[in-house]
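Reviewing the structure listed below.
Now the structure itself:
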């Protein structure tokens, strides 16, 4: 079952179409879905510059009509983890070692110990299923930290930031080009707890093991109700 909503705009202006599909991404032929969307746009003479496809599992994909699809997987919002019963330790300053030679986008930003550890865990999961390791993108690291700090400062936990908008808006505003993008969020008192929580969530695990993603930026910031805030930004 499909539900399509066209955002209001003058007849001559480009519009954004939202299409809700009552199935999961793996249960539908996406080429057939894109053909269906193009046919509807042609039949009704719609001047659409993009179509947001929302699936039943809460993920979303952006499709540009008449061109190569640019999926932008968006995981289902993370339920807020239960606060830990023990009091959280005071945030400790983290040493910031130099990035590995394989890291892209060199600059003044370097990854802290927690961020390096989470990257290692992510790439271990990918290696188990025969996928290449993700490279650390230091500009994405900077954006991920900004998003994590924003959630702590404003007291929210969501893929949509009142400051930066969606993760896709945030990445594009930084001038980063991509075909695929995704975001994972977690709140926990340690890297291991956050990583296990993400791997036990179907949508977040799918981002970590997505073969389309080539680079990642991981931001870990001390603070908030769970001790630490974790943001993973993926691009491909």
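In the working numbering, the protein residues as written are 12 to 247.
Beta carbons: idealized from backbone N, C-alpha and C, even for Gly.
Residue of the options minimising C-alpha distance to residue i
| i | options | result |
| --- | --- | --- |
| residue 125 | 66, 156, 192 | 156 |
| residue 46 | 75, 242, 37, 65 | 75 |
| residue 220 | 232, 193, 231 | 193 |
| residue 176 | 158, 164, 236 | 158 |
| residue 60 | 128, 50, 27, 42 | 27 |
| residue 167 | 73, 244, 237, 133 | 237 |
| residue 70 | 127, 29, 42 | 29 |
| residue 217 | 153, 137, 154 | 137 |
| residue 132 | 202, 244, 232, 39 | 202 |
| residue 242 | 154, 204, 222, 235 | 154 |
| residue 244 | 223, 195, 204, 44 | 195 |
| residue 139 | 222, 189, 73 | 222 |
| residue 187 | 171, 55, 149 | 149 |
| residue 77 | 50, 207, 205, 209 | 50 |
| residue 41 | 200, 208, 189, 73 | 73 |
| residue 57 | 64, 134, 48 | 48 |
| residue 8 | 190, 197, 37, 189 | In this structure the chain extends from 12 to 247, so residue 8 is not present and cannot be described. |
| residue 39 | 54, 55, 68, 62 | 68 |
| residue 205 | 190, 239, 189 | 239 |
| residue 66 | 134, 37, 199, 207 | 37 |
| residue 63 | 44, 54, 55 | 44 |
Residue i beta carbon near the ligand MN (any heavy atom closer than 6 Å)
| i | result |
| --- | --- |
| residue 209 | The ligand MN is absent from the structure shown, which contains no ligand whatsoever. |
Cβ separation of residue i and residue j, assumed to be a contact under 8 Å, to the nearest whole Å
| i | j | result |
| --- | --- | --- |
| residue 151 | residue 52 | Contact flag wrong, Cβ pair sits at about 33 Å. |
| residue 178 | residue 165 | 16 Å between Cβ atoms; not a contact. |
| residue 232 | residue 160 | 5 Å |
| residue 129 | residue 235 | Not confirmed; about 16 Å, so no contact. |
Per DSSP, cross-strand counterpart(s) of residue i
| i | result |
| --- | --- |
| residue 231 | 241 |
| residue 246 | 192, 226 |
| residue 199 | 239 |
| residue 176 | 172 |
Original post:
Does the pairing of the stretch 224-236 with the stretch 142-155 give three or more beta-carbon distances under 8 Å?
Top reply: yes
Subject >> Segment contact, 8 Å Cβ cut-off, at least three pairs: the stretch 210-217 with the stretch 180-191 >> reply: no
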